[in-house]
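Chemist: The opening residue of the sequence shown carries number 100 in the numbering used here; numbering runs sequentially from there.
Cβ coordinates follow ideal geometry from the N, Cα and C atoms, glycine included.
Keep in mind the model is a prediction, meaning the values are calculated, not measured.
Quick one: this structure, given as structure tokens, is what I'll be asking you about.
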Amino acid sequence: MTDFDLTGVFPAMTTPFAPDERIDHETLAEDARRLERAGVDGLVPVGSTGESATLTHDEHVEVVETVVDAVDVPVIAGAGSNSTREALELSRRSVDVGADGLLHISPYYNKPEQAGFVEHYRTIADAVDAPQIVYNVPSRTGRNIEPATVELLAGHENIAGYKAASGDLGQISEVVERTRDEEFSVLSGDDALTLPVMSVGGDGTISVSANVEPERTVAMVEAAAADDYARARELHHELGPLNRQLFAETNPIPVKAASEIRGYGPGRLRSPLTDLSAEPRAELEAILEDLEESRAESLGLEAAEGT
Numbered sequence: 100m101t102d103f104d105l106t107g108v109f110p111a112m113t114t115p116f117a118p119d120e121r122i123d124h125e126t127l128a129e130d131a132r133r134l135e136r137a138g139v140d141g142l143v144p145v146g147s148t149g150e151s152a153t154l155t156h157d158e159h160v161e162v163v164e165t166v167v168d169a170v171d172v173p174v175i176a177g178a179g180s181n182s183t184r185e186a187l188e189l190s191r192r193s194v195d196v197g198a199d200g201l202l203h204i205s206p207y208y209n210k211p212e213q214a215g216f217v218e219h220y221r222t223i224a225d226a227v228d229a230p231q232i233v234y235n236v237p238s239r240t241g242r243n244i245e246p247a248t249v250e251l252l253a254g255h256e257n258i259a260g261y262k263a264a265s266g267d268l269g270q271i272s273e274v275v276e277r278t279r280d281e282e283f284s285v286l287s288g289d290d291a292l293t294l295p296v297m298s299v300g301g302d303g304t305i306s307v308s309a310n311v312e313p314e315r316t317v318a319m320v321e322a323a324a325a326d327d328y329a330r331a332r333e334l335h336h337e338l339g340p341l342n343r344q345l346f347a348e349t350n351p352i353p354v355k356a357a358s359e360i361r362g363y364g365p366g367r368l369r370s371p372l373t374d375l376s377a378e379p380r381a382e383l384e385a386i387l388e389d390l391e392e393s394r395a396e397s398l399g400l401e402a403a404e405g406t
């Protein structure tokens, strides 16, 4: 198993599309490099934020390969499916093109029991020798992975972490408690809860907001990791309006609009997702303007700009 430090900030990347809906690989590679320059600890392409649900398997693997080729930081490929066979195929193909790790959303729609989760994740972990992250997001999948199930999975040498997006801080804290004796990372999957999750022992975040404000997100997570919670709280509250607005409509609708507003890439989405509505877009524009105006002061950039 390729080993890397599963702590810090890992942006859940968007997938840019050309006007004909083909993947814009040039913009994708530049976006990956932009995030790497901002100091993130790794990248997560083709997750929910990357519109994996509307990519073909070939497109999925092509996105992973483009990101791998563009950067030196670890790349954790989204490879989940509600079919264990499909998840296994995507996992193998992603690792074959250079992915360092894998993110597996729990099987959705068919809603397995807890025993089904264990079988699903262990089957893939037995077959693919790469660090794998269990992704719990009941709002999208319709089923919660219980803390006791995570504890069982954490004992597998290839199951290296847990992306927590249940919104239940008590449950996330229990997962941390149950897995403390394992080499196992708990990462926030909800930007609004990254700091609270770290306060109970979490290791960082797989973040949507880090696509837009990577430096601030990195600074907040680094401050929390250093037990500088005064600084971490300050940055948490600076990011609060953005964290909320990026979920004003279904992710990744708002974050793609934010990328377009900031000039990072096109805001195009694949159907059935639609463009961000006018009122939330205006609110997002105002939030981004405020963040840009406060950027130098917040990140202590005055001295660097003067040299």
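Could you check where the beta strand (DSSP E) with P110 kicks off and where it finishes?
Modeler: What you label residue 110 is simply residue 11 of the sequence shown in a count that begins at 1. Run containing P110: G107 to P110, per the beta strand (DSSP E) assignment.
Chemist: So, with DSSP's three-state summary, where would you put N235?
Modeler: For the purposes of this step, residue 235 is taken as residue 136 along the sequence shown, with counting starting at 1. In the structure shown, N235 sits in a strand (DSSP, three-state: E or B).
Chemist: In angstroms with no decimal places, state the Cα-to-Cα distance between S272 and V299.
Modeler: The residue labelled residue 272 in the question sits at position 173 within the sequence shown. The residue labelled residue 299 in the question sits at position 200 within the sequence shown. Their Cα atoms are separated by approximately 6 Å.
Chemist: Beta carbon of R315, beta carbon of L387: below 9 Å?
Modeler: By 1-based counting over the sequence shown, the position of residue 315 is 216. By 1-based counting over the sequence shown, the position of residue 387 is 288. Result no, Cβ atoms of R315 and L387 do not sit closer than 9 Å.
Chemist: Report yes or no: do the region 223 to 238 and the region 257 to 277 share at least 3 C-beta pairs separated by less than 8 Å?
Modeler: Touching, yes, given that three or more Cβ pairs across the two stretches are closer than 8 Å.
Chemist: Compare the beta carbon distance of G339 and A309 with 9 Å and say whether it is the shorter of the two.
Modeler: Along the sequence shown, one-based indexing puts residue 339 at 240. Along the sequence shown, one-based indexing puts residue 309 at 210. No, the pair does not count as a contact, with Cβ atoms beyond the cut-off.
Chemist: Please state if the CB of V139 and the CB of V172 are separated by a distance shorter than 9 Å.
Modeler: The residue you call residue 172 lines up with position 73 of the sequence shown. The residue you call residue 139 lines up with position 40 of the sequence shown. Yes, these two residues count as a Cβ contact at 9 Å.
Chemist: Flag this pair as yes or no: are the beta carbons of L202 and I175 separated by less than 9 Å?
Modeler: Residue numbering aside, residue 202 sits at position 103 when the sequence shown is read from its first letter. Residue numbering aside, residue 175 sits at position 76 when the sequence shown is read from its first letter. Their beta carbons are under 9 Å apart, which means L202 touches I175 by this criterion.
Chemist: Any idea what DSSP makes of M210, helix, strand or coil?
Modeler: Taking the first residue of the sequence shown as 1, we reach residue 210 at position 111. Note on residue identity: the sequence assigns Lys, not Met, to residue 210. Residue state, collapsed to three classes: coil.
Chemist: When DSSP labels each residue in this structure, what does Y220 get in the three-state scheme?
Modeler: For the purposes of this step, residue 220 is identified with residue 121 of the sequence shown, where counting begins at 1. Residue state, collapsed to three classes: helix.
Chemist: What would DSSP say about I386, mapped onto helix, strand or coil?
Modeler: Numbered from 1 along the sequence shown, position 287 holds the residue referred to as residue 386. Three-state result, I386: helix.
Chemist: Does DSSP put S205 in a helix, in a strand, or in coil?
Modeler: Numbered from 1 along the sequence shown, position 106 holds the residue referred to as residue 205. Coil, per DSSP.
Chemist: Within 10 Å of its beta-carbon, does E312 have 16 or more other beta-carbons around it, so buried, or fewer, so exposed?
Modeler: On the sequence shown, residue 312 is found 213 positions in, with the first residue counted as 1. So E312 counts as buried.
Chemist: According to DSSP, is T373 part of a helix, a strand, or is it coil?
Modeler: The residue labelled residue 373 in the question sits at position 274 within the sequence shown. Three-state result, T373: coil.
Chemist: Which class does G364 belong to by DSSP, given the choice of helix, strand or coil?
Modeler: By 1-based counting over the sequence shown, the position of residue 364 is 265. Looking at G364 - three-state DSSP - the assignment turns out to be coil, as it is neither helix nor strand.
Chemist: What are the complete beta strand (DSSP E) segments, minimum 3 residues, inside the region 260 to 297?
Modeler: The qualifying runs are 284 to 287.
Chemist: Kindly indicate which three-state DSSP category G177 falls into: helix, strand or coil?
Modeler: Taking the sequence shown and counting its residues from 1, the one referred to as residue 177 is at position 78. Note: G177 maps to strand in three-state DSSP.
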